[in-house]
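These notes are about the structure you will find just below.
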Amino acid sequence: MTLTRDEAWKRLALHPDPTLEELFASDAGRVEKLSARLELGEGAGGVLFDWSKTHLTEDLLADFEALAEASGFAVMRDRLFAGEVVNPTENRAAEHAALRGVGRDASVEEAQALLARMKILVEALHEGTFGEVKHLIHVGIGGSALGPALAVDALARDLPLVDVHVVSNIDGVALEEAFVKCDPATTFVAVASKTFTTIETMVNASSALAWLEENGVADPSGRVIALTAAPEKAVEWGVDETRVLPFAESVGGRYSLWSSIGFPVAVAVGWDDFAAMLDGAAAVDAHFRDTDGRANLPLRAAFADLFYNRIKGAQTRAVFAYDERLRLLPDYLQQLEMESNGKSVTVGGEPSGPTAPITWGGVGTDAQHAVFQLLHQGTHLVPIDFIASVEPGDVLDPAHHQILLMNCFAQGAALMAGKASDDPHRSYPGNRPSATILVDDLDAATFGALIAFHEHRTFANAVLMDINPFDQFGVELGKEIAKKIEAGGERFDASTEALLRIAGLS
Ligand SMILES: O=P(O)(O)OC[C@H]1O[C@](O)(CO)[C@@H](O)[C@@H]1O
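Shown next, in the form of structure tokens:
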């Protein structure tokens, strides 16, 4: 029987409410059914996705599969990989997977040619073609900064080939912090902006060049590399054509780590590791493209996301990486998920109902000593993802990593089991859901897989909610008003007027 979307959602709301403990007690095969390993290819390790500590049941999964069918999920996914328009408000495809070799032939070919060009420049930089380069200041913001910052922090902690500083904020304090750590004589500047118009990035780029000049660099513009989907604007701005690394317009800002926006990553870790990151992501692309129903891991994760968000009314979801190298992951996921799915109308322009929960999180074990009180005993329903690596990232006494992992697993167990007490202050309600993602070893391939998994999970959520994850008009109004303030002559509300006066801006 084929259901409509509305019917499918109505059925999803009618399920019984077993506790997690009841679900485990009634099904000895629960872990096997709801956790699965994704192999990333020969020698590349794998990732375990354990969704057994969520409230998903066989019946719920079946009804979510009916929702996916009613939502035309398979058709939308085909369109995504075929390079067709999946962003109708901007009449664009979303071809980030083509950079990983998965997608429409012509787009993959174009992406590979652009990456080959980037590789030449990365290797030239390493080989000293531009003189000694010890530091790279990467200026960009949003999708042009969060991915590179996360990837460099995750993968290039031990002896990066070049010392990379990602600067996003227009607050001059951010750029000054990078200047203090760099020697102008051996510093290059990457200007990363899809549009090459973003005010923060353009002002930061100019200030970085001025700093080079003030510090004795004769030709600062010779030290600039532009990473952009608007190469003509970069040339107009003064970057030599040979140092402009373009990427396709169909790659969205928050999906652009795989393109030339990932230049600082390749500069820090070397081309082989950058390529391994793309390959790890490609393994997830192939899985997402070729697997149907609940066995599709990003889709299954979206089922659980929507169960908590739409059926149970959870307003947030939290991500805790028990890995210091992933401390920037919540920031990255905030943009990916909230800029993509923080919408209130459907693709057709109708009210959508609840959409993306607020993504937040932190790093374990630190977060245990700060925010976990609320998670164990507070009044909010917060589905949690735990992310960890079986192998350690450090070479210290193995006790460090063992304690880290034991704590990670203990939190999931405690949230689920809870603990009764006669004293209400010391009682833990339990039945609190979590999922665990466990990589064999956090390296370039598993990192790429982790990020691609979240991209596809975000897409799957959007399709099932019937919203467009690839536009972001919500960010425009604030920019417009900032421009009006700068131009002067316009009146605003009394509060804003007063603030502008106090700060000497009107
Ligand atoms: O890469 P650009 O064009 O500078 O844009 C930076 C960021 O700004 C946004 O457009 C939001 O303002 C993001 O979507 C984007 O990642």
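Every letter in the sequence shown is one number past the one before it in UniProt numbering, and letter 181, counting from 1, is 181. Where is the CB? At the ideal position from N, CA and C, for every residue including glycine. Small disclaimer: the values here were computed from a predicted structure and weren't measured.
With hydrogens ignored, establish whether the beta-carbon of residue i is closer than 8 Å to any heavy atom of ligand 1.
| i | result |
| --- | --- |
| Ile141 | yes |
| Gly253 | yes |
| Thr195 | yes |
| Thr4 | no |
| Thr458 | no |
| Thr201 | yes |
| Lys119 | no |
| Glu455 | no |
| Thr198 | yes |
| Ala74 | no |
| Glu21 | no |
| Tyr475 | Sequence check: residue 475 is Val here, not Tyr. Result yes, Cβ under 8 Å from ligand 1. |
| Glu339 | yes |
| Ser506 | no |
| Ser144 | yes |
| Ala226 | no |
| Lys233 | no |
| Ala192 | yes |
| Lys479 | yes |
| Gln334 | no |
| Gln402 | no |
| Gln315 | no |
| Gln472 | yes |
Considering only the beta carbon of each residue, do residue i and residue j sit closer than 9 Å?
| i | j | result |
| --- | --- | --- |
| Phe263 | Leu227 | yes |
| Ala192 | His138 | yes |
| Ala8 | Ala66 | yes |
| Ala185 | Gly216 | yes |
| Val269 | Val395 | no |
| Leu80 | Pro246 | no |
| Gly448 | Asp279 | yes |
| Ala230 | Pro220 | no |
| Gln411 | Ser427 | no |
| Leu38 | Phe49 | yes |
| Leu155 | Val265 | yes |
| Ala302 | Ala70 | no |
| His55 | Leu20 | yes |
| Leu500 | Arg432 | no |
Between the C-alpha atoms of residue i and residue j, what's the straight-line distance to the nearest angstrom?
| i | j | result |
| --- | --- | --- |
| Leu150 | Ala445 | 14 Å |
| Asp273 | Gly83 | 27 Å |
| Thr197 | Gln335 | 19 Å |
| Arg310 | Leu257 | 30 Å |
| Arg77 | Arg289 | 7 Å |
| Cys408 | Asp305 | 21 Å |
| Asp331 | Leu60 | 31 Å |
| Asn169 | Met416 | 40 Å |
| Leu297 | Thr57 | 15 Å |
| Val164 | Phe470 | 29 Å |
| Val31 | Leu438 | 14 Å |
| Ala36 | Ser389 | 16 Å |
| Leu477 | Thr496 | 15 Å |
| Ala482 | Ser207 | 20 Å |
| Ile451 | Ala281 | 7 Å |
| Ser340 | Arg157 | 29 Å |
| Ala275 | Thr379 | 45 Å |
| Arg104 | Glu249 | 15 Å |
| Ala234 | Ala124 | 21 Å |
| Glu480 | Gly393 | 44 Å |
| Ala116 | Ala399 | 43 Å |
| Arg317 | Thr242 | 44 Å |
| Arg254 | Ile387 | 21 Å |
| Ser421 | Ile384 | 24 Å |
| Val267 | Phe130 | 13 Å |
| Phe473 | Val203 | 23 Å |
Confirm the yes/no value for this check: CB of residue i, any heavy atom of ligand 2, distance under 8 Å.
| i | result |
| --- | --- |
| Lys10 | Summarising the ligand content, the structure contains ligand 1 and does not contain ligand 2. |
When DSSP builds the beta bridges, which residues end up paired with residue i?
| i | result |
| --- | --- |
| Ile387 | Ala321, Ile437 |
| Phe188 | Leu136 |
| Arg92 | Asn87 |
| Ala226 | Val191, Val244 |
| Pro351 | Val345 |
| Gly362 | Phe320 |
| His165 | Ile137 |
Item to check | 4-residue-minimum alpha helix (DSSP H) runs that sit fully inside the stretch 405 to 437, ordered along the chain | outcome: none
Next on the checklist: Quick check on the DSSP output: what are the complete alpha helix (DSSP H) runs of length 4 or more inside the stretch 5 to 69, in order along the chain?
Outcome noted: 5 to 12, 20 to 26, 30 to 34
Checklist entry - What are the complete alpha helix (DSSP H) segments, minimum 4 residues, inside the stretch 240 to 288? => result 263 to 269
Next on the checklist: Quick check on the DSSP output: what are the complete alpha helix (DSSP H) runs of length 4 or more inside the stretch 99 to 124, in order along the chain?
Outcome noted: none
Next on the checklist: My parser needs the alpha helix (DSSP H) runs of 4 or more residues fully inside the stretch 436 to 477; what are they?
Outcome noted: 444 to 465
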